[in-house]
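Working notes for the structure below.
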Amino acid sequence: MTSRTHTGVPSTGHTGERAPEDCPVREVLDRIGDKWSVLVIVVLGRRTHRYSELHRAVDGISQRMLTLTLRALVRDGLVDRTAHATVPPRVDYALTDLGRTLLEPLNALDRWASLHRDDIRAARERHDRAGDPLPDGP
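Numbering (this note's numbering), first residue to last: -6 to 131.
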């Protein structure tokens, strides 16, 4: 099935019968569609990390954003948080089995982006040189 507005573009099956917030693709993309969640998932895909290790490994993320991202990923069942009763306290973060299922599509996206980054940059340059305005919509 293709969308009504773009021929050849696969439809998500959303027929207007469900509220937009009930769309499973939208719900998942709301969680993993932001750059921080994807980066945290990829880093945790390598191994379990402590909070401070994650903060160092995810370049540019603030402590507040890392905390919010981890809370959301734990809530969604993608990351496990294990607090150890040690002095000083230690908290480990690891992907759950469900979280690990995201690694394959994220790795595929990474491969695609690596293969096509130069093509996309070239297309942007051609577009910008041509001075074409972006479409206004339907």
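Even glycine gets a Cβ: it sits at the ideal position worked out from N, Cα and C. Since this is a predicted model, take the numbers as computed values, not measurements.
Return helix, strand or coil for residue i, following the three-state DSSP convention.
i, result
"Leu95", "coil"
"Arg119", "helix"
Pull up the DSSP beta-bridge partners for residue i, would you.
i, result
"Arg110", "Looking at the DSSP assignment, Arg110 forms no beta bridge with any residue, so it has no partner."
"Arg43", "Asp85"
Expressed to the nearest angstrom, what Euclidean distance is found between the alpha-carbon atoms of residue i and residue j?
i, j, result
"Ile54", "Leu32", "10 Å"
"Val2", "Ser45", "The predicted model places Val2 with a pLDDT of 48, which falls under 50 and marks its position as unreliable; any figure quoted below should be read in that light. Approximately 42 Å, taken between the alpha carbons."
"Thr75", "Val21", "24 Å"
Would residue i and residue j be called neighbours here (beta carbons separated by less than 7 Å)?
i, j, result
"Leu96", "Gly38", "yes"
"Val67", "Gly92", "no"
"Met58", "Trp29", "yes"
Give the range of the beta strand (DSSP E) segment to which residue i is assigned.
i, result
"Asp52", "Careful: Asp52 lies outside any beta strand (DSSP E) and carries neither H nor E."
Starting from residue i and walking both ways along the alpha helix (DSSP H), at which residues does that stretch end?
i, result
"Thr75", "Premise fails: Thr75 lies in the beta strand (DSSP E), Val72 to His77, not in any alpha helix (DSSP H)."
"Val80", "No alpha helix (DSSP H) holds Val80; DSSP gives it neither H nor E."
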